[in-house]
Structure formats: C-alpha cells, structure tokens
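Structure, as structure tokens:
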Amino acid sequence: SKKYNLADFTHFWIFERENGNFLVLEGKKILNPHVEIPLANASVDAVKELLLGTMEEKEIEESLIDLLARRLKF
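Residue 79 is where the sequence shown ends in the numbering used here, and the numbering goes up by one at each step.
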C-alpha cells in the first residue's frame, strides 16, 4: 500500500455511493491530481471532522476516466 502525506493535498471530498463511501483527496501535483480511498466502515462525519483541521472540503467532479473505471469495475 502506498503512503501519502496530507500536506501534499489541498482539498477533499467524500463520495457517498451505493457500493460504499470514498474519500477523494485533491493533490498539488499535476500528474496525480486525485487520490481515491475507500472508507469501508469509517464514519463520514468523523473523517470530515478530522480532515477539516488540515484542508478545505471542496466538491470534486469525477473525471470521465474515473466514471468509466467505476462502471467497468476497475
């Protein structure tokens, strides 16, 4: 598993989907702008509260590639 430093991210958004909740972090790097992390059984409110101390919440649109990958189950 890859480790990330929260200082490398500027914003977050939580997608609440049928197949589970996902945290999306918006990074500062152009080549890897988003990281998506499944939240499993974590409380959405607890995750938001934790992250609001380090970055802003911002609605992040899913890219076409993300949508296609999710539909194709990647």
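All C-beta atoms, glycine included, are put in the ideal place defined by N, C-alpha and C.
Quick caveat, the model's predicted, so the values are computed rather than measured.
Given a threshold of 16 other Cβ atoms within 10 Å of its Cβ, counted over all protein chains shown, does residue i qualify as buried or as exposed?
| i | result |
| --- | --- |
| residue 35 | exposed |
| residue 29 | buried |
Using the C-alpha atoms, what's the distance from residue j back to residue i?
| i | j | result |
| --- | --- | --- |
| residue 43 | residue 10 | 17 angstroms |
| residue 8 | residue 63 | 22 angstroms |
| residue 24 | residue 71 | 15 angstroms |
| residue 32 | residue 46 | 24 angstroms |
| residue 61 | residue 14 | 10 angstroms |
| residue 39 | residue 59 | 17 angstroms |
Under a three-way DSSP split, which group does residue i fall into?
| i | result |
| --- | --- |
| residue 70 | helix |
Identify the residues that DSSP records as bridge partners of residue i: which are they?
| i | result |
| --- | --- |
| residue 30 | 17, 40 |
| residue 25 | 22 |
| residue 62 | 17 |
| query | Three or more beta-carbon pairs under 8 angstroms between the region 15-29 and the region 50-69, yes or no? | reply | Counting C-beta pairs with one atom in each stretch, the region 15-29 and the region 50-69 have three or more that are closer than 8 angstroms, which means they touch.
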